[in-house]
Amino acid sequence: MAVDTTASAASLRFLLLGDIGVGKSSFVNTFASCLENVHTNSPIHEAIPTPSSPSSNPSTAIHLPGVRLSTNPVFHQDGTASPFDDPLGLLPPKVIVPARDIDFITLPGYSATINPSTTLSLTDDYLNHHLHTTTSIFSPAIPSSQLAWFLIAGSHAHSLPTCAFYFVLFELKPIDIIYMKMIHERVNLIPIIAKADTLSKNELWVLKKRMLRQLKLNQIKIHTFGMDIETVEQMTIDRHWGAPPFVVSTREDANGQLPESEMKRLVELCLYERVRDLQEDSARKVIAWR
Numbered sequence: 001m002a003v004d005t006t007a008s009a010a011s012l013r014f015l016l017l018g019d020i021g022v023g024k025s026s027f028v029n030t031f032a033s034c035l036e037n038v039h040t041n042s043p044i045h046e047a048i049p050t051p052s053s054p055s056s057n058p059s060t061a062i063h064l065p066g067v068r069l070s071t072n073p074v075f076h077q078d079g080t081a082s083p084f085d086d087p088l089g090l091l092p093p094k095v096i097v098p099a100r101d102i103d104f105i106t107l108p109g110y111s112a113t114i115n116p117s118t119t120l121s122l123t124d125d126y127l128n129h130h131l132h133t134t135t136s137i138f139s140p141a142i143p144s145s146q147l148a149w150f151l152i153a154g155s156h157a158h159s160l161p162t163c164a165f166y167f168v169l170f171e172l173k174p175i176d177i178i179y180m181k182m183i184h185e186r187v188n189l190i191p192i193i194a195k196a197d198t199l200s201k202n203e204l205w206v207l208k209k210r211m212l213r214q215l216k217l218n219q220i221k222i223h224t225f226g227m228d229i230e231t232v233e234q235m236t237i238d239r240h241w242g243a244p245p246f247v248v249s250t251r252e253d254a255n256g257q258l259p260e261s262e263m264k265r266l267v268e269l270c271l272y273e274r275v276r277d278l279q280e281d282s283a284r285k286v287i288a289w290r
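Numbering-wise (UniProt numbering), the sequence shown opens with residue 1 and increments by one.
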């Protein structure tokens, strides 16, 4: 049975955006396979009111499908620790990575309807709904620094998306540029090159370089996990993996490996090494929107 996430916010919430048929479901499954401590993988749905309907009428709400991954904490394993640090064994173990709920919410692909603007309007409404709902909790007079602290420390107390994975297949289309330009100031935008196993290694690097150039030309800001855009561009020129747009393959080769895929690195950045960067940038966007 699907879990309703309307009243229960997860600690990390990832939006899946882009066209239809770009492998969003496979992305979630592959993401989960990169984790060793998942204890729950269950379907969820989120209901948000339509702008023209009262929020008290659930029948008019927009229902979005998703998946929740719940992870166990990762504890510190130190064989050199002295027993005198805790001789009675009363202290809780040191936690390296806390337990988390990770929600993936899928918005419709823009080709799912005759008019792509329908999907863009839905995404626009979705982001505004969560921004308004979250900021309305606080007094308008609250200092920005205090608001940022609450948003980062209280990730279970609000439903703001942590980031949006935007899936691109083969090339950026004009509608992709319009879509990303509409949302990049309200959510951390992370472009994903989908179905990378269908392209050669050289084609992937050419596509990475071209996408960065197009994004820069159209003044679209992407989340770079603490790196400046010049570093990201240089990594692409030098053909070093580990920076956006991320190459993602969801189909294993004969040896059970993901060919030419940055999925594992993306998971490390999003959940472990640079999760604070995501949360801080998300807080900055809320403050700017407010």
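Virtual Cβ for every residue (Gly too), placed ideally from N, Cα, C. Owing to the predicted nature of the structure, the values given are computational and were not obtained by experimental measurement.
In its chain, beyond the 5 residues on either side, Asp-19, Val-22, Ala-194 and Lys-195 have a beta carbon closer than 7 Å to the beta carbon of Leu-169. Here Asn-29 is exposed, its C-beta having fewer than 16 other C-beta atoms within 10 Å. Burial is judged here by how many other beta carbons sit within 10 angstroms of a residue's own beta carbon; Ile-183 has at least 16 and is buried. C-alpha of Gly-242 to C-alpha of Trp-205: approximately 12 Å in a straight line. For secondary structure counted as the alpha helix (DSSP H) over 4 or more consecutive residues, the segment 194-241 holds these complete runs in sequence order: 201-217 and 229-237. In this chain, the alpha helix (DSSP H) harbouring Ala-283 covers 275-289. Per the C-alpha coordinates, the member of Asp-176, Glu-171 and Met-180 positioned closest to Lys-209 is Glu-171.
Taking 7 Å as the cut-off, the Cβ atoms of Asn-41 and Asn-72 do not count as close. In the DSSP assignment, Ala-61 falls outside any beta strand (DSSP E) and carries neither an H nor an E.
Within the same chain, Asp-19 and Ile-20 come within 6 Å of Gly-109 by CB-CB distance, once the 5 residues on both sides are set aside. Listed as beta-bridge partners of Pro-191 by DSSP are Tyr-166. In the DSSP assignment, no residue is bridged to Phe-27. In the DSSP assignment, the residues bridged to Arg-68 are Ser-42 and Asp-103.
Less than 7 Å separates the beta-carbon of Ile-192 from that of Phe-165. Inter-residue distance for Ser-33 and Ser-159 is about 25 Å (C-alpha atoms, whole angstroms).
Within its own chain, the residues whose Cβ lies closer than 7 Å to the Cβ of Ser-261, once the five positions on either side in sequence are excluded, are Ala-196, Val-247, Val-248 and Ser-249, listed in chain order. Per DSSP, Arg-265 is one residue of the alpha helix (DSSP H) stretching across 263-268. Assigned with DSSP and collapsed to three states, Phe-138 falls in coil, not helix or strand.
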